[in-house]
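Going by my numbering, the first residue of the sequence shown is number 17, and it counts up by one from there.
Worksheet: one structure, shown below.
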Amino acid sequence: MKKSFYNHNLPAIIVVFALLMIWQLGAMDLNAAYILPSPVQIFQKIWELRQPLFTVHLPATLLITSLGLVLSIILGVALAILMDVSVFLRKCLYPIVVGSQTIPTTAIAPLFVLWFGYGIWSKVLVAILITFFPITITVYDGLRSARTDMKKLLLTYGATQRDIFLKLKIPFALPYFFSAIKMAIPISVIGAAIGEWLGAQSGLGYFSRRMMTQLDGAGVFAPIVLLSVLAMVSVALITLLERRFVRWRGES
């Protein structure tokens with residue numbers, strides 16, 4: 017199993033190592049850590065600031081990301097089902113869903129802070145705003161991907177619309193659902209960070225902004241690295257669940 021893991025991920029490991037080496041050499045040549053800190057300086061900063069990063073700011077961002085993602089899944093799946101079961105609802109909801117993504121996040125996030133204060137929910141709303149769209153559209157496409165001939169066959173056997181939904185559409189939509197979650201996780205992390213950057217009292221986005229005011233380049237990058245690791249670990253966990261529930265994808 018370990019051999020298979022390394023064989024599968026070896027190209028990515030090599031590319032990441034090469035990029036880090038190029039980054040390290042470029043930062044050493046520039047010799048201006050406040051503009052471009054080296055990877056070594058960033059990891060040193062993470063270690064130096066491990067107490068506030070891992071006990072205060074990372075849990076705050078993780079909570080916002082988790083709430084935003086869960087609520088986005090509920091909202092996105094509900095909207096996808098509504099658009100699938102009713103043509104009228106699809107015509108009403110689809111333009112609104114698309115239009116919601118034309119709102120600049122950096123413009124609406126400060127308004128959320130004004131409306132809901134510096135608490136957690138202003139940041140959660142930012143995460144939901146930019147996360148539910150890919151879930152809605154991808155799950156809707158998955159529900160619509162169910163083959164028409166199979167649907168007609170089930171109807172000839174006396175299946176109800178409920179039977180078709182549970183036994184045909186959900187299995188077809190399940191791979192799309194997991195793909196939507198894997199797309200939504202990084203977006204949810206970005207949404208949480210944007211909300212924290214524009215108005216918060218804790219969180220990795222807030223911490224990065226605070227370090228920027230101090231011209232601490234390594235301090236700015238440290239929470240960004242943690243955000244990236246958080247997204248990658250979350251996507252990896254979802255991939256494991258996908259291989260458990262969608263067998264044919266686990267074979268690739």
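Where is the CB? At the ideal position from N, CA and C, for every residue including glycine.
Here the structure is a predicted model, which is why all the values come from computation and not from measurement.
Cβ-based neighbour list, S218, same chain, cut-off 7 Å, excluding 5 preceding and 5 following: Locating residue 218 in the sequence shown gives position 202, counting from the first residue. Here the set comprises V72, H73 and A76.
If you drop the 5 nearest sequence neighbours on each side, which residues of the same chain put their C-beta closer than 8 Å to that of V32? Taking the sequence shown and counting its residues from 1, one reaches residue 32 at position 16. Result list for V32: empty, nothing under 8 Å.
Three-pair Cβ contact test at 8 Å for the region 57-67 versus the region 227-234: yes
Indicate the three-state DSSP secondary structure (helix, strand or coil) for D100 in the structure shown. Reading the sequence shown from its first residue, position 84 is the one you call residue 100. Looking at D100 - three-state DSSP - the assignment turns out to be helix.
Helix, strand or coil: which one does DSSP assign to D45? In the sequence shown, the residue the question calls residue 45 occupies position 29. Note: D45 maps to helix in three-state DSSP.
Pull up the CB-CB distance for V155 and F193, whole angstroms please, since I reckon it's below 8 Å. Taking the first residue of the sequence shown as position 1, residue 155 is located at position 139. Taking the first residue of the sequence shown as position 1, residue 193 is located at position 177. Confirmed, about 6 Å.
For D157, which of helix, strand or coil comes out of DSSP? As a working note, residue 157 is residue 141 in the sequence shown. Residue state, collapsed to three classes: helix.
So L214 is in the alpha helix (DSSP H); what residue range does that whole segment cover? Here residue 214 refers to the residue found at position 198 of the sequence shown. Run containing L214: I186 to L214, per the alpha helix (DSSP H) assignment.
Assign A123 to buried or exposed, taking buried as 16 or more other Cβ atoms, counted over all protein chains shown, within 10 Å of its Cβ. Residue 123 sits at position 107 when you count from the first residue of the sequence shown. Exposed.
Any chance the region 169-182 sits against the region 246-255, with 3 or more Cβ pairs inside 8 Å? no
Decide yes or no for the touch test of the region 142-153 against the region 87-100: beta carbon pairs closer than 8 Å, at least 3 of them. yes
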